[in-house]
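Reading through the structure tokens given below for one structure.
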Amino acid sequence: MRNYENACARYYSKLKLKSLPPTLWEFRKTYFSDAFLFKKMQSNWSNKKDFLKLSQQDNREIIITDVNFKIVFVSKTISKISGYEPDEIIGKSPSMFQGKATSKATREKIKTAITHLKPFKEVILNYRKNGDSYWCEIEAYPMFDQKGKFQNYIALEKIAS
Numbered sequence: 001m002r003n004y005e006n007a008c009a010r011y012y013s014k015l016k017l018k019s020l021p022p023t024l025w026e027f028r029k030t031y032f033s034d035a036f037l038f039k040k041m042q043s044n045w046s047n048k049k050d051f052l053k054l055s056q057q058d059n060r061e062i063i064i065t066d067v068n069f070k071i072v073f074v075s076k077t078i079s080k081i082s083g084y085e086p087d088e089i090i091g092k093s094p095s096m097f098q099g100k101a102t103s104k105a106t107r108e109k110i111k112t113a114i115t116h117l118k119p120f121k122e123v124i125l126n127y128r129k130n131g132d133s134y135w136c137e138i139e140a141y142p143m144f145d146q147k148g149k150f151q152n153y154i155a156l157e158k159i160a161s
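Counted the way full-length UniProt numbering counts, the sequence shown spans residues 1 to 161.
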């Protein structure tokens with residue numbers, strides 16, 4: 001048995017193996033869980049545009065609301081810009097990110113677009129969990145089912161530059 005262990009040790013020491021850091025696997029897990037949940041949600045939409053892929057190319061976060069405009073899906077990496085973990089956001093209104101210095105005019109433009117189920121693109125002052133503010137660029141689209149019934153709003157968000 002000892003000879004076997006020595007032979008294995010010599011064999012493995014000659015290999016040029018490199019281990020992958022756990023964060024790489026965590027990234028893949030996050031990506032695939034987001035992709036699975038997103039695909040399930042998108043199954044009801046008439047427009048099957050790959051917003052998940054688009055968000056990753058543009059380094060944006062995704063927030064999806066339901067017909068009552070409550071958040072039902074967020075990218076797992078939303079905490080990068082907001083400081084909130086996904087489970088702290090689900091079920092709440094996107095207005096949770098707004099605060100005292102958020103422009104009332106911009107909020108009104110967004111509210112008008114949402115009321116009329118129209119796409120919009122705005123830059124708004126949002127607040128992180130710790131109270132720090134940041135400029136957020138929001139590009140949002142209403143999503144409809146095959147019969148034209150409103151299902152969700154999907155927003156692609158990033159820190160405005």
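All residues carry an ideal CB built from backbone N, CA and C; glycine is no exception.
If you're wondering where the values come from, they're calculated on a predicted model, not measured in any experiment.
Anticipated Cβ contact below 8 angstroms, residue i with residue j, distance rounded
i: residue 62; j: residue 153; result: Going by Cβ atoms, the distance from residue 62 to residue 153 rounds to 11 angstroms, so no, they are not a contact pair.
i: residue 86; j: residue 72; result: That pair is no contact at about 11 angstroms.
Selection from the options that minimises the alpha carbon distance to residue i
i: residue 159; options: 136, 148, 9; result: 136
i: residue 78; options: 113, 109, 97; result: 97
i: residue 144; options: 130, 67, 84; result: 67
i: residue 128; options: 7, 83, 13; result: 83
i: residue 150; options: 114, 132, 102; result: 114
i: residue 132; options: 76, 14, 5, 102; result: 102
i: residue 116; options: 147, 6, 14, 140; result: 140
Opposing strand residues paired with residue i [DSSP bridges]
i: residue 85; result: None; residue 85 has no bridge partner.
i: residue 143; result: 152
i: residue 134; result: 126
i: residue 90; result: None, per the DSSP bridge assignment.
i: residue 64; result: 73, 154
i: residue 120; result: 140
i: residue 114; result: Bridge partners of residue 114: none, in fact.
i: residue 78; result: DSSP output for residue 78 lists no bridge partner at all.
Beta carbon of residue i nearer than 8 angstroms to that of residue j
i: residue 100; j: residue 70; result: no
i: residue 215; j: residue 119; result: With the chain covering only 1 through 161, there is no way to say anything about residue 215.
i: residue 81; j: residue 134; result: yes
i: residue 60; j: residue 156; result: yes
i: residue 138; j: residue 121; result: yes
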